[in-house]
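Be aware that the sequence shown starts at 1, since it is given in the UniProt record's numbering, and climbs by one per residue. Data first, discussion second: the structure below is written as structure tokens.
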Amino acid sequence: MTHKIAILGASGYTGAELVRLIALHPNMEIVALSGERKAGMRMTEVFPHLRHLDLPALCRIDEIDFSGIDLCFCALPHKTSQEVIRDLPRDLKIVDLSADFRLRDPADYEKWYGNPHAAVELQKEAVYGLTEFYRDQIRAARLVAGTGCNAATGQYALRPLISTGVIDLDDIILDLKCAVSGAGRSLKENLLHAELSEGYNPYAIGGTHRHLGEFDQEFSALAGRPVRVQFTPHLIPANRGILATVYVKGDARTIHDTLAAAYADEPFILTLPFGEAPSTHHVRGSNFCHVGVTADRIEGRAIVFAALDNLTKGSSGQALQNANLMLGEEETGGLMMPPLFP
């Protein structure tokens with residue numbers, strides 16, 4: 001069976017990544033692509049690297065007939081996404097890549113994103129899209145909320161450790177290095193080559209980054225009590241990739257064994273041998289996440305690492321992984337391509 005797919009916001013980075021991945025899927029066909037500012041243009045004009053594919057032209061959302069579509073990916077900006085999804089057919093399966101349905105409490109959404117939630121009733125049915133930990137719920141879901149790419153990376157490093165209690169929950173320091181594509185395709189002065197290259201800088205410092213809302217929600221639910229991590233992201237002059245370095249208190253060997261056991265049967269999460277650290281080079285363009293653990297020189301402390309591609313495993317690849325479950329396909333469909341190297 002071939003599933004008919006629509007992608008809203010196909011003129012952005014995550015939209016283009018969805019097209020690239022779905023092109024490899026044996027049972028999916030893209031029948032509609034929206035791009036409000038680029039409506040009427042061919043994808044070849046917007047993304048020449050996709051010129052080998054036979055794709056529909058970009059159109060406005062109100063021009064799409066959703067009656068024959070099996071699943072819709074929404075790769076739209078925050079706030080816009082909830083307003084659009086609110087008006088889509090109620091029987092349409094949806095994977096949303098924005099932040100609009102990630103936080104279960106609408107008050108938390110307003111706190112972190114600065115505006116009231118415009119689709120509270122839909123929020124109640126949304127399932128958090130961290131695939132490895134919400135599989136059963138995702139299979140039965142109509143609306144899945146993709147995670148933040150930083151939030152996914154930090155959770156792959158920490159969730160098994162928090163749920164088993166092998167680390168001190170009151171002393172977690174999470175340091176992330178994030179590639180520039182995570183900021184989207186819009187023109188921004190600080191992302192110009194002359195201002196970004198040859199250096200890197202922290203941003204959203206002092207606990208202001210919006211993905212902290214996801215960390216607070218997910219880690220506290222796992223622990224059964226409030227868990228607040230210290231988190232600082234850094235923007236690096238790279239196109240793709242996130243590397244998390246997490247400083248924790250606990251026995252390093254036990255931490256490594258816990259992660260290895262948790263991910264032993266996961267097709268996309270690979271735990272490296274003890275003492276090895278991952279690199280963004282080794283996951284580039286793939287749906288894989290590499291996790292590593294090493295002991296610190298200070299006894300009783302360990303360093304946990306996680307690396308993934310922010311556009312693939314951190315966003316569009318995760319979205320396709322979830323869509324596979326929602327449509328009854330193999331979870332790995334269209335996603336087993338090896339990383340690009342060098």
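Beta carbons: idealized from backbone N, C-alpha and C, even for Gly. All values derive from a computational prediction rather than experimental measurement.
Cβ-heavy atom distance, residue i to the ligand ATP, below 6 Å
{"i": "isoleucine 269", "result": "The ligand ATP is not part of this structure, which contains no ligands at all."}
Cβ-based neighbour list, residue i, same chain, cut-off 6 Å, excluding 5 preceding and 5 following
{"i": "serine 197", "result": "Pro237"}
{"i": "serine 112", "result": "Rather than serine, the amino acid found at residue 112 in this sequence is tryptophan. Excluding positions up to five away in sequence, the list reads Arg210, Gly213."}
{"i": "glycine 9", "result": "Gly15, Ala75, Leu76"}
{"i": "alanine 323", "result": "Leu71, Val95"}
{"i": "alanine 144", "result": "Note on residue identity: the sequence assigns valine, not alanine, to residue 144. Closer than 6 Å at Cβ, skipping near neighbours: Val95, Val127, Gly129, Ile138, Asn322."}
{"i": "valine 229", "result": "Ile172, Leu174, Phe215"}
{"i": "arginine 51", "result": "Thr44"}
{"i": "alanine 244", "result": "Thr153, Gly154, Ala157, Leu176, Ala306"}
{"i": "leucine 53", "result": "Ala23"}
Best match in the options for proximity to residue i [C-alpha to C-alpha]
{"i": "histidine 282", "options": "Asp175, Leu340, Arg159", "result": "Leu340"}
{"i": "glycine 267", "options": "Arg253, Gly250, Asp251, Ser286", "result": "Checking the sequence, you will find proline at residue 267 rather than glycine. Ranking the options by Cα distance to proline 267, first place goes to Ser286."}
{"i": "aspartate 175", "options": "Ser315, Gly300, Val248", "result": "Val248"}
{"i": "glycine 300", "options": "Pro342, Leu259, Asp171, Gly241", "result": "Asp171"}
{"i": "isoleucine 205", "options": "Asn27, Phe231, Gly182", "result": "Phe231"}
{"i": "leucine 33", "options": "Leu50, Ile7, Arg51, His49", "result": "Ile7"}
{"i": "glutamate 132", "options": "Val227, Gln217, Gly317", "result": "Gly317"}
{"i": "leucine 259", "options": "Thr245, Gly292, Leu103, Arg225", "result": "Gly292"}
{"i": "phenylalanine 101", "options": "Tyr203, Phe66, Asp87, Ala118", "result": "Ala118"}
{"i": "isoleucine 5", "options": "Gly333, Ser81, Ser11, Ile22", "result": "Ile22"}
{"i": "isoleucine 64", "options": "Val31, Asp54, Arg90", "result": "Val31"}
{"i": "glutamate 17", "options": "Thr332, Glu83, Gly314, Ser220", "result": "Gly314"}
{"i": "glycine 68", "options": "Ser81, His49, Leu88, Glu195", "result": "Leu88"}
Identity of the residues DSSP links to residue i by a beta bridge
{"i": "cysteine 149", "result": "Bridge partners of cysteine 149: none, in fact."}
{"i": "glutamate 29", "result": "Lys4"}
{"i": "lysine 93", "result": "Leu71"}
{"i": "phenylalanine 305", "result": "Thr245, Gly292"}
{"i": "isoleucine 269", "result": "Cys289"}
{"i": "phenylalanine 231", "result": "Leu174"}
{"i": "valine 46", "result": "DSSP output for valine 46 lists no bridge partner at all."}
{"i": "serine 34", "result": "Leu8, Cys59"}
Same chain, Cβ closer than 7 Å to residue i, five either side skipped, listed in chain order
{"i": "asparagine 201", "result": "His234, Leu235"}
{"i": "isoleucine 167", "result": "Leu161, Val248, Lys249, Gly250, Ile255"}
Span separating the alpha-carbon of residue i from that of residue j
{"i": "asparagine 239", "j": "alanine 152", "result": "18 Å"}
{"i": "phenylalanine 274", "j": "cysteine 72", "result": "41 Å"}
{"i": "alanine 179", "j": "cysteine 149", "result": "11 Å"}
{"i": "threonine 280", "j": "serine 186", "result": "24 Å"}
{"i": "glutamate 45", "j": "leucine 58", "result": "10 Å"}
{"i": "leucine 308", "j": "alanine 107", "result": "30 Å"}
{"i": "asparagine 27", "j": "arginine 86", "result": "27 Å"}
{"i": "leucine 192", "j": "arginine 37", "result": "21 Å"}
{"i": "proline 305", "j": "threonine 164", "result": "The sequence as given places phenylalanine at residue 305; proline does not occur at that position. Near 18 Å, if we compare the C-alpha coordinates of threonine 164 and phenylalanine 305."}
{"i": "residue 358", "j": "leucine 325", "result": "Since the displayed the chain opens at 1 and closes at 342, residue 358 lies outside it and no answer follows."}
{"i": "alanine 261", "j": "proline 338", "result": "23 Å"}
{"i": "glutamate 29", "j": "glycine 334", "result": "12 Å"}
{"i": "alanine 140", "j": "glycine 328", "result": "10 Å"}
{"i": "alanine 277", "j": "isoleucine 242", "result": "13 Å"}
Neighbourhood of residue i by C-beta distance below 8 Å, restricted to the same chain and skipping five residues each side
{"i": "aspartate 296", "result": "Tyr247, Ala252, Ala302, Ile303"}
Task: Those runs of the alpha helix (DSSP H) which lie wholly inside the region 170-225 and span at least 4 residues - done: 193-196, 212-223
Task: Start-end ranges of the beta strand (DSSP E) lying completely within the region 94-165, minimum 3 residues - done: 143-145
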